[in-house]
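Report on the following structure.
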Amino acid sequence: MSGDPPGVLGGAVPRIEPLGDSALLVTLGDVIDLELNRQAQGLAAAVERLRRSGADRRFGRPVPAYASVLVPFDPLALDADEARAIVAGLFDGPQPPGTDEPGEVIEIPVRYGGDDGPDLAAIAAAHELTPADVVRLHSEADYRVYFLGFAPGFAYLGPLPAAIVTPRLATPRERVPAGSVAIADAQTGVYPFALPGGWRIIGRTDTPMWDLRRDRPSFLQPGARVRFRAIG
Amino acid sequence: MLEVLEPGLLTTVQDSGRPDWTHLGVPIGGACDGWSLAVANLLTGNGPGLAAVEMTLIGATFAVHSPITIGLAGADLGGVVRESGRRLMPGRTHRLDGYTTIAFGGDASSSTAREYLAVPGGIDVPLVLGSASTALGAGFGGIDGRRLQPGDVLRPASTNGGSETGGATRPDVVWPALADDPLGDLTADAPIRILPGPAEGLEALAAVEWRVAAGSDRVGLRLEGPSIATGETGPAREFVSHGVVLGAIQVPAGGAPIILLADHQTTGGYPIAAVVISADHSRLGQLRPGASVRFAPVTLEDARVALALQQEALARGTASLRDDAGWDELWQSAGG
Numbered sequence: 000m001s002g003d004p005p006g007v008l009g010g011a012v013p014r015i016e017p018l019g020d021s022a023l024l025v026t027l028g029d030v031i032d033l034e035l036n037r038q039a040q041g042l043a044a045a046v047e048r049l050r051r052s053g054a055d056r057r058f059g060r061p062v063p064a065y066a067s068v069l070v071p072f073d074p075l076a077l078d079a080d081e082a083r084a085i086v087a088g089l090f091d092g093p094q095p096p097g098t099d100e101p102g103e104v105i106e107i108p109v110r111y112g113g114d115d116g117p118d119l120a121a122i123a124a125a126h127e128l129t130p131a132d133v134v135r136l137h138s139e140a141d142y143r144v145y146f147l148g149f150a151p152g153f154a155y156l157g158p159l160p161a162a163i164v165t166p167r168l169a170t171p172r173e174r175v176p177a178g179s180v181a182i183a184d185a186q187t188g189v190y191p192f193a194l195p196g197g198w199r200i201i202g203r204t205d206t207p208m209w210d211l212r213r214d215r216p217s218f219l220q221p222g223a224r225v226r227f228r229a230i231g
Numbered sequence: 000m001l002e003v004l005e006p007g008l009l010t011t012v013q014d015s016g017r018p019d020w021t022h023l024g025v026p027i028g029g030a031c032d033g034w035s036l037a038v039a040n041l042l043t044g045n046g047p048g049l050a051a052v053e054m055t056l057i058g059a060t061f062a063v064h065s066p067i068t069i070g071l072a073g074a075d076l077g078g079v080v081r082e083s084g085r086r087l088m089p090g091r092t093h094r095l096d097g098y099t100t101i102a103f104g105g106d107a108s109s110s111t112a113r114e115y116l117a118v119p120g121g122i123d124v125p126l127v128l129g130s131a132s133t134a135l136g137a138g139f140g141g142i143d144g145r146r147l148q149p150g151d152v153l154r155p156a157s158t159n160g161g162s163e164t165g166g167a168t169r170p171d172v173v174w175p176a177l178a179d180d181p182l183g184d185l186t187a188d189a190p191i192r193i194l195p196g197p198a199e200g201l202e203a204l205a206a207v208e209w210r211v212a213a214g215s216d217r218v219g220l221r222l223e224g225p226s227i228a229t230g231e232t233g234p235a236r237e238f239v240s241h242g243v244v245l246g247a248i249q250v251p252a253g254g255a256p257i258i259l260l261a262d263h264q265t266t267g268g269y270p271i272a273a274v275v276i277s278a279d280h281s282r283l284g285q286l287r288p289g290a291s292v293r294f295a296p297v298t299l300e301d302a303r304v305a306l307a308l309q310q311e312a313l314a315r316g317t318a319s320l321r322d323d324a325g326w327d328e329l330w331q332s333a334g335g
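See below:
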């Protein structure tokens with residue numbers, strides 16, 4: 000799929016199916032893939048523009064994920080077939096501006112290892128690397144915010160360098176501290192506040208991922224570029 | 000104003016939720032039974048979605064510091080004025096005197112789970128991201144983002160009631176008996192109506208009676224029964240999460256279904272075997288642990304008609320309250 004031309008809504012053949020009586024699930028693909036994710040965010044932006052323009056309040060806030068967009072609608076204002084036709088029409092529209100401009104890289108300083116990253120040594124051992132190798136690989140890569148989910152401000156970031164891809168813990172922790180930087184499969188993320196969780200913790204940041212005093216409470220937005228920086 | 004003496008099992012401030020922040024991972028939240036939230040509010044003269052108290056199974060005990068009219072709707076959790084023994088039934092308003100105590104001690108014989116207590120103008124708490132709802136997982140909204148605790152004070156935003164239903168803050172306003180009342184359906188033990196999901200399992204869900212498990216909460220209703228096969232067992236598919244909706248019936252690897260409720264996460268990766276129709280969401284919010292549940296597949300058109308009937312029932316009830324308020328005014332101006 001990544002070989003397709005990089006048109007935001009071009010190329011892919013989406014599945015548009017109702018999910019219950021008041022939402023459509025638009026599925027662009029069944030894998031985690033940067034290009035599919037760009038298309039998903041492009042479509043979500045197009046639906047959001049339709050809403051914002053005031054032209055169509057019959058739709059609810061779209062929820063982009065890895066390779067899909069959930070599009071809520073008011074079933075008393077619109078039947079599922081009409082909703083589907085409107086959403087399908089967005090695929091023929093102009094490329095939404097600004098959805099995939101490579102924005103500036105957002106940097107997140109991290110204290111790796113020790114009490115802040117209790118799983119770092121085990122991850123290194125599992126891949127026959129040193130902890131310093133894992134830190135270097137994790138902090139050298141550029142990540143994309145695929146989407147936010149699980150909890151307010153929790154961004155799913157990827158792709159993780161293949162050499163440190165590691166499955167989740169078999170038994171999740173009851174409490175992962177706020178600011179924990181963790182990895183799971185080919186993804187990485189930061190716990191915005193203390194939560195139960197099964198991702199492997201490699202470090203901690205003091206940058207708040209979720210702060211209701213800010214105009215934009217989430218530090219990271221869908222589509223943002225992120226890099227981690229090791230600090231002492 | 001009301002002061003919490005005993006909070007009960009799980010008592011929170013909830014309104015109609017915050018639907019505009021799902022792209023940042025914020026659960027929509029809000030009352031688990033939106034119909035009863037609306038009825039409690041409308042009785043009290045408020046718009047249907049204002050902030051009220053949601054009590055679960057065993058309700059709260061409040062000190063009433065000054066005279067106030069409250070509206071109750073949903074489950075009957077055995078509400079009573081301690082000093083007089085007067086019963087506080089749901090589906091109507093009650094004028095309370097100052098220096099009294101009201102208690103909702105729970106009623107094990109009740110077939111429903113949640114009762115809503117509304118006050119004139121709604122409960123006065125700061126809006127967070129446009130809503131007064133308590134987001135328990137993230138810890139914001141309502142009162143400090145948590146369940147109520149002893150000493151919390153609940154103030155009405157208005158002293159003499161809203162104008163939404165003609166200022167219906169008289170004592171003893173009763174919600175009219177209506178056909179198509181969704182809670183009427185619930186006590187009649189009608190099946191929960193479902194639509195097919197992306198995964199298999201609709202027929203298996205509809206084939207047997209299910210039981211609501213003890214681990215259920217505002218995030219999801221856990222069901223006990225036979226295991227369900229969804230035709231999707233591959234680990235790869237499971238982790239490509241997508242946006243999910245209230246009422247989605249997820250089937251994790253173990254095969255025990257979970258129905259997503261108000262505080263569900265915005266995205267999920269488990270196969271979805273079916274989705275409960277919007278008109279039955281309020282009934283989901285009234286299911287108690289131990290309750291038995293049956294499912295009946297319907298069509299999208301059935302779902303739309305059911306929702307339209309429910310909206311119409313709410314509108315008829317609201318109009319009836321306005322008419323009553325109008326008659327009261329006429330009566331009073333005529334010297335009655």
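First to last, the protein sequences are chains L and D. When we follow numbering that gives the first Met the number 0, the leftmost residue of the first sequence carries the number 0, and every step to the right adds one. When we follow numbering that gives the first Met the number 0, the leftmost residue of the second sequence carries the number 0, and every step to the right adds one. From the three backbone atoms N, C-alpha and C, an ideal C-beta is built for every residue, glycine too. Quick caveat, the model's predicted, so the values are computed rather than measured.
Integer-rounded CB distance, given that residue j should sit under 8 Å from residue i
i, j, result
"residue 92 of chain D", "residue 43 of chain D", "6 Å"
"residue 188 of chain L", "residue 155 of chain L", "6 Å"
"residue 271 of chain D", "residue 193 of chain D", "Actually they do not touch by this definition, with Cβ atoms about 11 Å apart."
"residue 62 of chain L", "residue 23 of chain L", "With a Cβ gap of about 11 Å, residue 62 of chain L and residue 23 of chain L do not count as contacting."
"residue 83 of chain L", "residue 15 of chain L", "5 Å"
"residue 40 of chain D", "residue 46 of chain D", "6 Å"
"residue 123 of chain D", "residue 155 of chain D", "6 Å"
"residue 174 of chain D", "residue 291 of chain D", "So it is not a contact: roughly 27 Å between Cβ atoms."
"residue 51 of chain L", "residue 58 of chain L", "Rounded, the Cβ-Cβ distance is 11 Å, inconsistent with contact."
"residue 278 of chain D", "residue 305 of chain D", "4 Å"
"residue 168 of chain L", "residue 148 of chain L", "Not really, about 19 Å apart at Cβ, beyond 8 Å."
"residue 392 of chain D", "residue 69 of chain D", "With chain D running from 0 to 335 in the structure shown, residue 392 of chain D is simply not present."
"residue 219 of chain L", "residue 144 of chain L", "5 Å"
"residue 207 of chain D", "residue 224 of chain D", "6 Å"
Reference residue i; option with closest CA among the options
i, options, result
"residue 30 of chain L", "D:240, D:313, D:249", "D:240"
"residue 199 of chain D", "D:227, D:262, D:220, D:50", "D:227"
"residue 51 of chain D", "D:75, D:83, D:14, D:57", "D:14"
"residue 221 of chain D", "D:19, D:204, D:259", "D:259"
"residue 209 of chain L", "L:199, L:185, L:178", "L:178"
"residue 119 of chain D", "D:139, D:195, D:157", "D:157"
"residue 89 of chain L", "L:216, L:169, L:38, L:128", "L:38"
"residue 89 of chain D", "D:288, D:48, D:35", "D:35"
"residue 146 of chain L", "L:48, L:68, L:12, L:17", "L:68"
"residue 114 of chain L", "L:125, L:135, L:157, L:180", "L:180"
"residue 171 of chain L", "L:19, L:158, L:200", "L:200"
"residue 66 of chain L", "D:172, D:253, D:29, D:268", "D:268"
Neighbourhood of residue i by C-beta, 6 Å cutoff - its chain only, sequence neighbours within 5 removed
i, result
"residue 96 of chain D", "66"
"residue 295 of chain D", "190, 192"
"residue 86 of chain D", "79"
"residue 246 of chain D", "274, 275, 280"
"residue 197 of chain D", "271"
"residue 120 of chain L", "130"
"residue 104 of chain D", "77"
"residue 129 of chain D", "17"
"residue 359 of chain D", "Outside the displayed span of chain D (0 to 335) sits residue 359 of chain D, for which this structure offers no information."
Residue i Cβ short of 8 Å to the ligand GDP heavy atom set
i, result
"residue 171 of chain L", "Among the ligands in the structure shown, none appear at all, so the ligand GDP cannot be discussed."
Beta-carbon contacts of residue i that lie in its chain and below 8 Å, excluding the five residues immediately before and after
i, result
"residue 141 of chain L", "104, 224, 225, 226"
"residue 24 of chain D", "264, 265, 266"
"residue 228 of chain L", "106, 107, 108, 109, 138"
"residue 338 of chain D", "This structure cannot speak to residue 338 of chain D, because chain D is shown only from 0 to 335."
"residue 176 of chain D", "none"
Own chain, CB closer than 7 Å to residue i, minus 5 neighbours either side, in chain order
i, result
"residue 40 of chain L", "63, 98, 221, 222"
"residue 18 of chain D", "27"
"residue 235 of chain D", "Because residue 235 of chain D sits at a pLDDT of 44, beneath the cut-off of 50, its placement in the model cannot be relied upon, and the following sentence gives the value as read from the coordinates. So the list is empty, once near-sequence residues are dropped."
"residue 194 of chain L", "150, 175"
"residue 335 of chain D", "Only weak support is given to the placement of residue 335 of chain D: the predicted model assigns it a pLDDT of 46, under 50, and the value that follows is read from those uncertain coordinates. If we look at residue 335 of chain D and ignore the five residues flanking it on each side, it has no Cβ neighbours."
"residue 126 of chain D", "none"
"residue 123 of chain L", "129, 130, 132, 133"
Neighbour flag for residue i against chain B, beta carbons, 9 Å
i, result
"residue 192 of chain L", "No chain B appears in this structure, whose protein chains are L and D."
- Using 8 Å as the Cβ pair cut-off and three pairs as the minimum, do the region 297–305 of chain D and the region 67–83 of chain L touch? yes
- Would you mind listing the alpha helix (DSSP H) stretches within the region 65–132 of chain L that are 4+ residues and don't spill past its ends, in chain order? 79–89, 119–125
- Message: Can you confirm whether the region 196–205 of chain L touches the region 26–44 of chain L when touching is taken to mean that 3 or more C-beta pairs between the two stretches lie within less than 8 Å?
- Response: no
- Item | Meets three-Cβ-pair contact criterion under 8 Å: the region 67–82 of chain D and the region 103–113 of chain D | yes
- Message: Which complete beta strand (DSSP E) runs does the region 207–280 of chain D hold, if anything under 3 residues is left out?
- Response: 209–211, 219–223, 247–249, 257–259, 271–275
- Task: Ignoring anything shorter than 3 residues or poking outside the region 71–136 of chain D, list the beta strand (DSSP E) runs there in chain order.
- Result: 78–80, 91–95, 99–103, 113–117
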